[in-house]
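Each residue of the sequence shown is one higher than the one before, starting from 5 at the first, in the working numbering.
Backbone N, C-alpha and C define an ideal beta-carbon position, used for all residues, glycine too.
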Amino acid sequence: MKFKTLTEFIIEKQAEYPQASGELSRLLNDIGIAAKFVNREVNRAGLGEVMGYAGEVNVQGEDQKKLDVYANDQFIAALKSGGQCCAIGSEENDEIILLDSEISKHGKYVVAIDPLDGSSNIESNVSIGTIFSIYRRRTVRGVATIEDFLQPGRNLVAAGYVLYGSSTVLVYTTGYGVNGFTLDPSVGLFILSHPNMKYPETGTIYSINEANYIYFPEGVKRYIQFCQEDDKATHRPYSTRYIGSMVADVHRNLIRGGIFIYPGTIVSKQGKLRLLYECNPVAFIAEQAGGKASDGFRRVLDIQPKALHERAPIFVGPTYMVEKAEALMKQYSPEFRLE
Ligand code: P6P
C-alpha cells in the first residue's frame with residue numbers, strides 16, 4: 005500500500021480549500037521538521053552521562069542544553085526560518101518572542117507552544133510531548149503584540165501535539181478532523197498512520213492525579229466515586245491510568261476512550277495546566293475527534309485568555325464522560341465556577 009507522508013497530506017488538504025494560500029501548510033511542515041530534531045535528541049536523552057547534562061560541557065567540548073531548552077530552540081529556529089509565523093508564545097519564555105526578521109515580521113500566524121511538556125519525566129524514560137496552537141494574528145501589520153495571543157481557543161486555525169513515546173506520533177487538526185502521523189526514523193518521514201481519529205463510543209479510563217484528592221472540589225470527588233462504582237452495563241469500574249505527562253495521557257485516552265482531568269483545587273482554582281499551549285490545543289483536538297473539553301462549567305475553547313501563561317482546569321474526553329463530570333461539578337461545586 006502506498007503510504008502518505010505528512011507533507012503530501014498537508015498539500016493534499018490545502019488543495020481541498022481553494023482559499024488556502026499555502027502559508028499554513030508551510031507552517032505545519034516547519035513544525036514537523038523541528039519535531040524530528042527534537043525526537044532525535046529525546047531518543048538520546050538516556051545517554052546523559054555520555055552526552056553531558058545540561059549546563060555542563062560534553063565530551064566533544066560542547067555546551068549541553070537541557071532538552072526542553074533544546075526543543076524550544078529548535079521550534080523557534082524552524083518557525084523563524086519558515087517565515088509564516090511572526091511571534092511565538094512559549095512555555096519556556098516569560099514574554100512573547102518576536103520573529104521580526106524581514107521574512108517573518110509579516111507572517112500571518114502566531115504560535116503558542118509547550119516545546120517539551122512533561123520534561124521532568126525524561127530521566128525516567130517516560131513519554132513526553134510537544135503541544136502547539138496556531139492563531140491568525142489579530143494585528144494587521146507591524147510588530148506582533150500580546151493581543152495576538154489573547155484569543156479564545158475557538159479562534160484557533162490549527163493545533164496539535166507530538167508524542168515522543170515508543171514511537172513518535174504527530175497529531176493535528178485544522179478544524180476538519182484529526183489525523184495522526186507516525187515517524188519512520190529510518191527515512192525521517194512522518195507517515196499517515198491514524199486517519200480521521202475519533203474517540204471510541206465507550207470510554208473505560210479515567211485519568212487524574214488522585215494524590216490531590218483531599219484538595220479536589222466535591223464534584224470531582226463524586227465523579228471519581230462514580231468511576232469506581234460496579235456497573236458492568238456502563239463498563240464501570242473504569243480503569244485508572246495516569247502517566248503524569250499530559251500528551252501521553254491524552255493520546256492514550258483518545259485511542260482507547262477515556263477522560264483526562266486536571267481540575268482546579270482548593271489550593272489553586274485555576275488548576276495547573278496552561279490554557280494557551282496545553283488546554284486549548286488538546287481541547288481543539290478533542291472536539292474535532294467527537295469529544296468535549298470543559299473547565300468543569302465552560303467550554304475550554306470559549307475561555308477568554310487574560311495572560312500568556314494563565315492556567316485553566318480541564319476535563320477532556322468523550323462527550324458523555326465530560327458531561328457527567330460537569331453535572332457533578334454544577335451540583336456539588338458551583339463555587340468553583342471561574343466565570
Ligand atoms: P502532576 C507535566 O509536568 C505536566 O505539565 C503535564 O504534562 C501533566 O499532565 C501534569 O503536569 C502532571 O501534573 O501534578 O499530576 O504531577
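Counting only the Cα atoms, Ile15 lies some 30 Å from Thr149. Burial check for Phe7: the Cβ neighbour count within 10 Å stays below 16, so the residue is exposed. Taking 9 Å as the cut-off, the beta carbon of Leu312 is found no closer than this to the beta carbon of Gly157.
When secondary structure is reduced to three states using DSSP, Ser123 falls in the helix class. Taken in chain order, the complete alpha helix (DSSP H) segments of 4 or more residues contained in the segment 64-120 are 71-86. Secondary structure of Phe230 (DSSP, three-state): helix.
In the structure shown, the three-state DSSP call for Thr208 is coil.
Look at Asn213 here: in three-state DSSP terms it is coil, with no helix or strand label. In this structure, ligand 1 has no non-hydrogen atom nearer than 8 Å to the beta-carbon of Val173. Arg302 sits in coil when the DSSP states are folded into three classes, being neither helix nor strand. A Cβ-Cβ distance of about 6 Å is found for the pair Ala252 and Gly169, placing them in contact under the 8 Å criterion. In the DSSP secondary-structure assignment, Ala49 is not bridged to any residue. Ranked by how close their Cα comes to the Cα of Leu305, the residues Lys112, Leu160 and Gly133 have Leu160 in first place. Taking 8 Å as the cut-off, the C-beta of Gly169 does not count as close to any heavy atom of ligand 1. In this structure, the beta-carbon distance from Ser29 to Lys17 falls below 9 Å.
Between Ile138 and Asp121 a beta carbon distance of about 17 Å is seen, past the 8 Å cut, so the two are scored as non-contacting. Distances between the C-beta of Val224 and the heavy atoms of ligand 1 are all 8 Å or more. Sequence-distant partners of Glu330 (beyond 5 residues in either direction) whose C-beta falls short of 8 Å from its own C-beta, in its chain, are Ser298, Gly300, Phe301 and Phe319.
With contacts defined as CB atoms closer than 9 Å, Leu174 and Val166 qualify as a contacting pair.
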